[in-house]
Amino acid sequence: MGRYIIRRLIQAIPVLLGATLFIFAIVFALPGDPIEALAGEKRQDPAITAIIREQYHLNDPLLVQYWYYISGILFHGDFGKTFAGVPVTQLMAGKFQVTLNLAFTALVMEAIIGLLLGLWAALRRGRATDTAILASTLLLISVPTLVTGFVLQLWLGVWLKQVTGIEFFPIAGVGQGLQSYLLPGFVLAGTSIAYLTRLTRTSLVETLRSDYIRTATAKGLSRRRVVGRHGLRNALIPMVTYLGADLGVLMGGAIITETIFNLPGIGLQLYQGVYLREQPIVVGIVTILVLVYIVANLIVDMLYAVLDPRIRYE
Amino acid sequence: MSKTSPHALPAEGGLGNEPLLAVDDLHVEFATRAGLVRAVNGVSYSLQAGETLAVLGESGSGKSVTAQAIMGILDMPPARIPKGEVRFNGTDLLRLSEEARTQVRGQRIAMIFQDALSALNPVFTVGWQISEMFRVHRGMGKRDAVKKAVELMDRVRIPGAKQRVNDYPHQFSGGMRQRIMIAMAIALDPEVLIADEPTTALDVTVQAQVMELLAELQRESNMGMILITHDLGVVADVADKIAVMYGGRIVENASVHDIYKAPAHPYTKGLLESIPRVDLKGQDLYAIKGLPPNLLDMPTGCAFHPRCPYRQDNCVTDSPPLYEISGTRNSACHYWREVLDGDQG
Ligand SMILES: Nc1ncnc2c1ncn2[C@@H]1O[C@H](COP(=O)(O)OP(=O)(O)OP(=O)(O)O)[C@@H](O)[C@H]1O
Ligand code: SF4
Ligand SMILES: [Mg+2]
Chain A
231 MGRYIIRRLI QAIPVLLGAT LFIFAIVFAL PGDPIEALAG EKRQDPAITA
281 IIREQYHLND PLLVQYWYYI SGILFHGDFG KTFAGVPVTQ LMAGKFQVTL
331 NLAFTALVME AIIGLLLGLW AALRRGRATD TAILASTLLL ISVPTLVTGF
381 VLQLWLGVWL KQVTGIEFFP IAGVGQGLQS YLLPGFVLAG TSIAYLTRLT
431 RTSLVETLRS DYIRTATAKG LSRRRVVGRH GLRNALIPMV TYLGADLGVL
481 MGGAIITETI FNLPGIGLQL YQGVYLREQP IVVGIVTILV LVYIVANLIV
531 DMLYAVLDPR IRYE
Chain B
6 MSKTSPHALP AEGGLGNEPL LAVDDLHVEF ATRAGLVRAV NGVSYSLQAG
56 ETLAVLGESG SGKSVTAQAI MGILDMPPAR IPKGEVRFNG TDLLRLSEEA
106 RTQVRGQRIA MIFQDALSAL NPVFTVGWQI SEMFRVHRGM GKRDAVKKAV
156 ELMDRVRIPG AKQRVNDYPH QFSGGMRQRI MIAMAIALDP EVLIADEPTT
206 ALDVTVQAQV MELLAELQRE SNMGMILITH DLGVVADVAD KIAVMYGGRI
256 VENASVHDIY KAPAHPYTKG LLESIPRVDL KGQDLYAIKG LPPNLLDMPT
306 GCAFHPRCPY RQDNCVTDSP PLYEISGTRN SACHYWREVL DGDQG
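Listed in order, the protein sequences are those of chains A and B. FYI, the numbering for the first sequence is 231 to 544, going by this note's numbering. FYI, the numbering for the second sequence is 6 to 350, going by this note's numbering.
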């Protein structure tokens, strides 16, 4: 297992390099000049512009710029500075926590709701409950996050407060701890909940058809034990895999949710970074997201081996 | 006999002449998209303690469905049991409540399946799966239950049972896996063991060993055993009596001795003549011509008539009842006498 992990980490290096170079190139290709944009409407002294350009290696070719950047990360843990001189790592520190909180809130909601709905649908397969659950997952999948976000913000955030006088779900910011994350977390988890519900249902229905479930029944076990122990334990394997891989997706998806609910996370920061053409911010955040993806996938693979004894990594 | 309440569990030991297990006029049908599949159409057979009943018949004749109805492990729906009884020590299992049924299943009537690899749960160790019987049904602690599991693995002669108790099913060979299946089935000393083609998935060399083990366990514990099999060679060695199924019905019930001496149904005769025999080397094997009946559209009269060399005109219209030839022998053929005498119509 140890050797497997090391091999996977080595394999991750080209992925990380490729992804960051790609993002670097895209930001490089964006129209407009970041230093001009920095000054806004004011005319800026061309001498100062030249100095800043020199400082940030903006006059060098793409690959050279990239090398300066990536060697800073690799050898000094330095993700660069914003054009205003703030180190990117410092800028991201608190924001990363916000996005992690949001993503984990969403992940927990996804796991609980998806599991329960999927289980319920599977046990009522072919009946009204099943059909209703499947239909609502389809709805959830087909409506864009932007729409569910604003609609829920209006209904549960604004109207509910007006009607009851109590603020159940804050509509912006993270001032109220966990409570602030509930609504954005649900919005972020929306499509994932739908997919996980469907996956759970399919995998449980499939599992309940297998021979070892028939054996478990023939052993005289209660239906509860047959489904809950023998069935669920097997159906859990694809679910956990999906959940693990979804953590990266949720962190990436946070950009829309954080913008809607004005949460100060890296998603919102990324949005502003792209807007201002702040290369170090954009590339820094994307690098971190790619790292999260890679680590999450590695953890998923290891969990897979723990959950399914037939799989052994050498 | 007095009517039993639906919650009463079958008494221990036989009641008078009542067999240990009696299937009586059992019907099972499946509601499918294509229509109603009548998989079992009035099957009757019985079993005494210590006896082995071999159930023969080609693929699709309803052997497994009958066994699953006895166990109560059919999925209902799509399955339905419109008629029939499964009496265990005199109690009709089909009329028991689900809780009472669960008390019988696995503890007093156990079953082993054809393919042990898919029939064992891949994510639990074999020790866990065997010991589950003791933990759930006997309320034993984990440690004691695993100790029992090791004893059972020894009993079914798995080498190094103690070291292997924490291995997973995929780490065993086919024969060893089937032994684990057997260990799990006999864990709580069931009175009846149903073995549904227990050796079909195994290498020929291993088949004999597993059969031998089953026969030995049965002798030791005086279980009644229903052995579903395609292997007529095995039947002669281990079975006491035979039930031959065709198209969801019993076509012949007889002792092994009687049936091998002279079959009383043309289908049985065809089956016996299709066993490869050393003395007939070089000759063509007799194979029953034609196809098994379509359960959605059964032939009129005798279901076997499209394939029967003894067929007469009335076979096409009159369905033969199960004629009683002697106290222990039946045949569902109008012309069983001619078949017994061996002169082909
Ligand atoms: N769940 C089901 N739905 C519909 N039809 C079924 C179902 N289970 C079994 N059958 C049908 O019942 C018939 C009898 O099946 P069964 O499994 O008892 O045959 P068998 O005698 O055990 O054959 P084999 O030797 O192949 O195991 C088959 O034609 C099968 O198609
Ligand atoms: S009843 Fe007729 S068709 Fe059926 S087995 Fe006997 S002889 Fe053949
Ligand atoms: Mg079968």
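Glycine included, C-beta positions come from ideal geometry on N, C-alpha and C. Because the structure is a prediction, the values reported are computed rather than measured.
> Would you say MET76 of chain B faces chain A, with C-beta separation under 8 Å as the test?
Replying inline: By 1-based counting over the second sequence, the position of residue 76 of chain B is 71. Taking Cβ atoms only, chain A reaches closer than 8 Å to MET76 of chain B, which makes this a yes.
> Is LEU99 of chain B near ILE78 of chain B, with beta carbons less than 8 Å apart?
Replying inline: Locating residue 99 of chain B in the second sequence gives position 94, where the first residue counts as 1. Locating residue 78 of chain B in the second sequence gives position 73, where the first residue counts as 1. No, these two residues do not count as a Cβ contact at 8 Å.
> According to DSSP, what are the bridge partners of LEU58 of chain B?
Replying inline: Counted from its first residue, the second sequence places residue 58 of chain B at position 53. In the DSSP output, where bridge partners are listed per residue, LEU58 of chain B has B:ILE231, B:LYS246.
> With DSSP run on the structure shown, which of helix, strand or coil describes GLY293 of chain B?
Replying inline: Indexing the second sequence from 1 puts residue 293 of chain B at position 288. For the sequence presented, residue 293 of chain B should be read as Ile rather than Gly. Coil.
> So, is PRO346 of chain B buried or exposed, given that buried needs 16 or more other C-beta atoms within 10 angstroms?
Replying inline: On the second sequence, residue 346 of chain B is found 341 positions in, with the first residue counted as 1. It is worth fixing the name first, because residue 346 of chain B is Asp in this sequence and not Pro. It is exposed - the Cβ of ASP346 of chain B has fewer than 16 other Cβ atoms within 10 Å.
> When you compare each of A:ASP476, A:LEU434, A:GLY395 to ALA333 of chain A by their alpha carbons, which one comes out closest?
Replying inline: Working through the first sequence from its first residue, we reach residue 333 of chain A at position 103. Out of A:ASP476, A:LEU434, A:GLY395, the CA that lies nearest to the CA of ALA333 of chain A is found in A:ASP476.
>> Looking only at its chain, what residues have a beta carbon closer than 8 Å to the beta carbon of VAL215 of chain B, apart from the 5 residues adjacent to it on each side?
In response: Working through the second sequence from its first residue, we reach residue 215 of chain B at position 210. Excluding sequence neighbours, VAL215 of chain B sits near GLY180, GLN183, ARG184, ILE187, PRO203, THR204, LEU207.
> Beta-carbon of SER301 of chain A versus every beta-carbon of chain B: anything under 8 Å?
Replying inline: Here residue 301 of chain A refers to the residue found at position 71 of the first sequence. Judged by the 8 Å Cβ criterion, SER301 of chain A is not in contact with chain B.
> Is the beta carbon of VAL261 of chain B less than 8 Å from the beta carbon of LEU61 of chain B?
Replying inline: For this step, residue 261 of chain B is matched to residue 256 along the second sequence. For this step, residue 61 of chain B is matched to residue 56 along the second sequence. With respect to the 8 Å criterion, VAL261 of chain B and LEU61 of chain B are not classified as neighbours on the basis of their beta carbons.
> Rounded C-beta distance between ILE485 of chain A and TYR501 of chain A? I'm assuming under 8 Å.
Replying inline: For the purposes of this step, residue 485 of chain A is taken as the residue at position 255 of the first sequence. For the purposes of this step, residue 501 of chain A is taken as the residue at position 271 of the first sequence. About 6 Å; that satisfies the 8 Å criterion.
> If we count the other Cβ atoms within 10 Å of its Cβ and call it buried at 16 or more, is ASN126 of chain B buried or exposed?
Replying inline: Taking the second sequence and counting its residues from 1, one reaches residue 126 of chain B at position 121. With a threshold of 16 other beta carbon atoms within 10 Å, ASN126 of chain B meets it and is buried.
> Would DSSP call GLU329 of chain B helix, strand or coil?
Replying inline: Along the second sequence, one-based indexing puts residue 329 of chain B at 324. Three-state DSSP puts GLU329 of chain B in a strand.
> Taking ALA337 of chain B as the reference, which of B:ASP159, B:PRO271, B:HIS142 has the closest Cα?
Replying inline: Counting from 1 along the second sequence, the entry for residue 337 of chain B is found at position 332. The option with the nearest alpha carbon to ALA337 of chain B is B:PRO271.
> Comparing the CB of SER440 of chain A with every heavy atom of ligand 1, is any distance shorter than 7 Å?
Replying inline: Locating residue 440 of chain A in the first sequence gives position 210, counting from the first residue. It does not: the Cβ of SER440 of chain A is nowhere closer than 7 Å to a heavy atom of ligand 1.
> How many angstroms separate the CA atom of ALA280 of chain A from the CA atom of PRO291 of chain A?
Replying inline: As a working mapping, residue 280 of chain A is identified with position 50 in the first sequence. As a working mapping, residue 291 of chain A is identified with position 61 in the first sequence. If I take the Cα positions, the gap works out to 16 Å.
>> Tell me which residues of the stretch 129-152 of chain B have at least one Cβ-Cβ distance to chain A shorter than 9 Å, keeping chain order.
In response: Taking 9 Å as the Cβ-Cβ cut-off, the stretch 129-152 of chain B approaches chain A at PHE129, THR130, GLN134, GLU137, MET138, VAL141, HIS142, given in chain order.
> Between the Cα of LEU288 of chain A and the Cα atoms of A:THR487, A:VAL245, A:PHE313, A:SER301, which residue gives the shortest distance?
Replying inline: The residue you call residue 288 of chain A lines up with position 58 of the first sequence. It is A:PHE313.
> For GLN288 of chain B, does the three-state DSSP call read helix, strand or coil?
Replying inline: By 1-based counting over the second sequence, the position of residue 288 of chain B is 283. Confidence at GLN288 of chain B is low in this model, with a pLDDT of 47, below 50, so its placement is unreliable and the value that follows should be read with caution. GLN288 of chain B sits in coil when the DSSP states are folded into three classes, being neither helix nor strand.
>> For LYS68 of chain B, report the span of its alpha helix (DSSP H) as first-last.
In response: Locating residue 68 of chain B in the second sequence gives position 63, counting from the first residue. For LYS68 of chain B, the uninterrupted alpha helix (DSSP H) run begins and ends at 68-76, by DSSP.
>> Any residue with its C-beta under 6 Å from a non-hydrogen atom of ligand 1 counts. Can you list them all in chain order?
In response: With 6 Å as the limit, the residues whose C-beta approaches any heavy atom of ligand 1 more closely are B:PHE35, B:THR37, B:VAL42, B:ALA44, B:GLY62, B:SER64, B:GLY65, B:SER66, B:GLY67, B:LYS68, B:SER69, B:VAL70, B:PRO83, B:LEU300, in sequence along the chain.
>> Rounded to the nearest angstrom, what separates VAL388 of chain A and ALA526 of chain A at their Cα positions?
In response: To locate residue 388 of chain A, count along the first sequence from 1; it is residue 158. To locate residue 526 of chain A, count along the first sequence from 1; it is residue 296. Using only the alpha carbons, I get a separation of about 36 Å.
> Does any CB atom of chain A fall closer than 8 Å to the CB of THR333 of chain B?
Replying inline: The sequence position of residue 333 of chain B within the second sequence is 328, counting from 1. No, because no Cβ of chain A sits closer than 8 Å to the Cβ of THR333 of chain B.
>> One question on the structure: do ILE467 of chain A and VAL456 of chain A come within less than 8 Å of each other, judged by their Cβ atoms?
In response: Indexing the first sequence from 1 puts residue 467 of chain A at position 237. Indexing the first sequence from 1 puts residue 456 of chain A at position 226. Against a cut-off of 8 Å, the Cβ pair of VAL456 of chain A and ILE467 of chain A comes out as no contact.
>> Please give me, in chain order, every unbroken run of the alpha helix (DSSP H) with length at least 4 that falls completely inside the stretch 363-403 of chain A.
In response: 375-382, 390-394, all fully within the stretch 363-403 of chain A.
>> Do GLY450 of chain A and HIS310 of chain B have their beta-carbon atoms positioned less than 8 Å apart in this structure?
In response: On the second sequence, position 305 is the one that residue 310 of chain B refers to. On the first sequence, position 220 is the one that residue 450 of chain A refers to. Annotated as distal: HIS310 of chain B and GLY450 of chain A, with beta-carbon spacing of 8 Å or more.
> ARG237 of chain A versus chain B: which residues are under 9 Å apart at the beta carbon?
Replying inline: Here residue 237 of chain A refers to the residue found at position 7 of the first sequence. Chain B residues near ARG237 of chain A: none, gap ~24 Å exceeds 9 Å.
>> Against chain B, does PRO539 of chain A count as a neighbour if the rule is that its beta carbon must be under 8 Å from one of theirs?
In response: Locating residue 539 of chain A in the first sequence gives position 309, where the first residue counts as 1. For PRO539 of chain A, the answer is yes, since a Cβ of chain B falls inside 8 Å of its Cβ.
> Just the Cα atoms here: how many angstroms apart are ASN94 of chain B and PRO164 of chain B?
Replying inline: Within the second sequence, the letter at position 89 stands for residue 94 of chain B. Within the second sequence, the letter at position 159 stands for residue 164 of chain B. Approximately 37 Å between the Cα atoms of the pair.
> So, helix, strand or coil for ILE163 of chain B, using DSSP?
Replying inline: Taking the second sequence and counting its residues from 1, the one referred to as residue 163 of chain B is at position 158. Reduced to three states, the DSSP call for ILE163 of chain B is coil.
>> Between GLY111 of chain B and chain A, is any beta-carbon pair separated by less than 8 Å?
In response: Here residue 111 of chain B refers to the residue found at position 106 of the second sequence. For GLY111 of chain B, the answer is yes, since a Cβ of chain A falls inside 8 Å of its Cβ.
> Under a three-way DSSP split, which group does LEU193 of chain B fall into?
Replying inline: Working through the second sequence from its first residue, we reach residue 193 of chain B at position 188. Correct three-state label for LEU193 of chain B: coil.
> Would a C-beta distance cut-off of 8 Å place ALA72 of chain B and PHE35 of chain B closer than the cut-off?
Replying inline: On the second sequence, position 67 is the one that residue 72 of chain B refers to. On the second sequence, position 30 is the one that residue 35 of chain B refers to. The answer is no: Cβ separation not under 8 Å.
>> I'd like the list of long-range same chain contacts for ALA249 of chain A, defined as Cβ closer than 8 Å, with 5 residues on each side in sequence excluded.
In response: Reading the first sequence from its first residue, position 19 is the one you call residue 249 of chain A. Answer for ALA249 of chain A: VAL516, THR517, VAL520, listed in chain order.
> Is LYS449 of chain A helix, strand or coil by DSSP?
Replying inline: Start at 1 with the first residue of the first sequence, and residue 449 of chain A comes out as number 219. Note: LYS449 of chain A maps to coil in three-state DSSP.
>> Counting only Cβ pairs nearer than 9 Å, list the residues of chain B close to ALA351 of chain A.
In response: The sequence position of residue 351 of chain A within the first sequence is 121, counting from 1. Simply none; closest approach about 18 Å.
> Between which two residues does the beta strand (DSSP E) carrying ILE51 of chain B extend?
Replying inline: The residue given as residue 51 of chain B occupies position 46 in the second sequence. The sequence given here has Ser at residue 51 of chain B, not Ile. Bounds of the beta strand (DSSP E) holding SER51 of chain B are 40-52.
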